[in-house]
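In the working numbering, the protein residues as written are 562 to 1129. Where is the CB? At the ideal position from N, CA and C, for every residue including glycine.
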């Protein structure tokens, strides 16, 4: 396809006409003949704006690199390379808008270590954070990505050594960095921190052995100077895995987020740390930030009586999920109380019951979940009945074997009853008791001022932490962790936290998920061209969706010509 020119003589002279044409083979003539697809009209009366719109429209059908190469054709320019630009540009804008660049610069250089002078440490840290959000990889691969696969302003290249030195520095200043970043985010976004949601997860390491045990303080940090250490354990060690990988060493990670899903702070502990004790350290750490009244929202893994007393210190309160099958007297009393449910949403009803002078209990009921629970239980009971049918005719030894097989299936074993004579039966009383729990969960709160609806809605927002864990593991690739040293593992988690912070702010401002934002903005490329006058870098033409995203992020439109280097 090409532009064809035709001429016509008239009284005013020769007139040239422009056409869009392509050649087709004519079997009769035995040669290719031009076929006109579109006529642009007279050359001296050409609508050049319309041609520009057509070229821009056609360019969108090409890969960004091909579009840039096509723009250089016929202009005496050589197209050298093309790199994604939009995603890193948007993240860099948020990084600077939050003032993280100034915070990093204000924290100074490392106070100890072999490499005290880390040039461009702020840019290297941003490059590592952008790598987690855009193309998660190891630090060695991240250095290659920065050098060859992306354009980051004021960071044309780096090395893996620089990345490791920046991580070592980050580990040294992480506490002060987290506090200052939170102050900036809370001010700029006017965050509501009256509710803080906390939860933990674990990440495993595909290594055969756990780390060597060392002395640690009460926060799980190395304490080599301890005279009589009470806690001696390796960082990557065995524990209860939330990824169902109890066979591999792991670490435990905690995160606090606001009701809008903005991550406030993260923590790391050895892999055997217990959820029941971690919440107390988290509360102490947040107290040091001099926040006002906080209502802690956690799941039932943190619901011990000691934790509840600890969370109520000061002017703080809690909303905690309660285990329905814990067997406690308070839970039994709450579930047995009669009363009417209040509809607060299409799939949510709540009922408050009073069984304590100092705490409030709210029963939440989801009709859709109740139907699912009933269907699941019916399926389990049917499967159990099929397994034990005819078991009365078996020998005592064979019935014992069958009993052991069912015991290995907790879902079925829950509804099994063994008679005094050793016969296997379905437990009708257990089925009736379980039906009372269908679609229900129980909340416990110490705040006297919240309504039952606010308690239920507040707890439901705990899903924001779970969404943070999902994104950190699947979008930002928290795992695998390509590090062995404890300091760098902790720094890796901080990098993931910073990346999640930028991602959440981008999603909040645009109303779009990060994978969609990333895919669209990374189609905005920057190309490098050389010619007789020198070298320059030029952006591809931005689309309307890209311009809309940058506008909602508050980022100014990037310059079309980014860099110009004249030939000496």
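- By the 16-neighbour rule on beta-carbons within 10 angstroms, residue 1122 is exposed.
- Only buried fits residue 1047, as 16 or more other CB atoms lie within 10 angstroms of its CB.
- Less than 8 Å separates the beta-carbon of residue 882 from that of residue 861.
- Between residue 1029 and residue 822 the beta-carbon gap is near 7 Å, inside 8 Å, which marks them as a contact.
- Contact between the region 911 to 923 and the region 1022 to 1038 is absent, with fewer than three C-beta pairs closer than 8 Å.
- If you look at residue 1127, you'll find it in the beta strand (DSSP E) that goes 1122 to 1127.
- One Cα belongs to residue 585, the other to residue 652, and the distance between them is close to 49 Å.
- A straight line joining the alpha-carbon of residue 704 with that of residue 818 spans about 30 Å.
- In this structure, residue 942 lies near residue 987, with their beta-carbon atoms less than 8 Å apart.
- Taking every protein chain shown into account, the CB of residue 798 has 16 or more other CB atoms within 10 angstroms, so this residue is buried.
- Residue 868 carries a helical assignment under DSSP once its states are collapsed to helix, strand and coil.
- Bounds of the alpha helix (DSSP H) holding residue 1057 are 1047 to 1071.
- Per the Cβ contact rule, the region 944 to 953 is in contact with the region 967 to 978 (3 or more Cβ pairs under 8 Å).
- Three or more Cβ pairs closer than 8 Å define a contact, and the region 1044 to 1061 falls short of that threshold against the region 891 to 911.
- Considering only 928, 899, 885, the residue with the shortest C-alpha distance to residue 905 is 928.
- Pairing residue 837 with residue 803, the inter-Cα distance amounts to about 15 Å.
- For residue 661, same chain residues with a beta-carbon under 7 Å away, outside a window of 5 residues either side, are 742 in chain order.
- With a cut-off of 8 Å on Cβ pairs, the region 887 to 901 is not in contact with the region 1006 to 1019, counting fewer than three such pairs.
- For residue 1128 and residue 1120, the gap between their C-alpha atoms comes out near 21 Å.
- Close CB contacts of residue 998 within its chain, under the 7 Å cut and outside five residues either way in sequence, are with 885 (chain order).
- Cβ contact annotation for residue 642 (same chain, cutoff 6 Å, sequence separation greater than five): 1089, in chain order.
- Taken in chain order, the complete alpha helix (DSSP H) segments of 4 or more residues contained in the region 880 to 946 are 890 to 897.
- Unbroken beta strand (DSSP E) runs of no fewer than 3 residues, entirely contained in the region 765 to 828, are found at 775 to 777, 792 to 794, 811 to 818, following chain order.
- DSSP places residue 1036 in the coil class of the three-state scheme, outside both helix and strand.
- Judged by DSSP in its simplified three-state form, residue 1016 adopts helix.
- Per DSSP, reduced to three states, the secondary structure at residue 970 is coil, with no helix or strand assignment.
- Taking every protein chain shown into account, the CB of residue 811 has 16 or more other CB atoms within 10 angstroms, so this residue is buried.
- Just so you know, the alpha carbons of residue 735 and residue 935 end up roughly 48 Å apart.
- For residue 600, the enclosing beta strand (DSSP E) covers residues 592 to 603.
- Judged by their CB atoms, residue 926 and residue 1003 are not nearer to each other than the 8 Å cut-off.
- Contact annotation: residue 645 and residue 1083 have beta-carbon atoms nearer than 8 Å.
- Residues of the same chain with a CB within less than 8 Å of the CB of residue 991, apart from the 5 flanking positions on each side, are 975, 976, 978 in chain order.
- Sorting 859, 588, 1068 by C-alpha distance to the C-alpha of residue 1007 places 859 at the top.
- Rounded to whole angstroms, residue 682 and residue 689 show a C-alpha spacing of 11 Å.
- Within the DSSP bridge table, the entry for residue 582 names 563, 597 as partners.
- Separation of the CB atoms of residue 1054 and residue 814 is rounded to 6 Å, and the pair is thereby assigned contact status at 8 Å.
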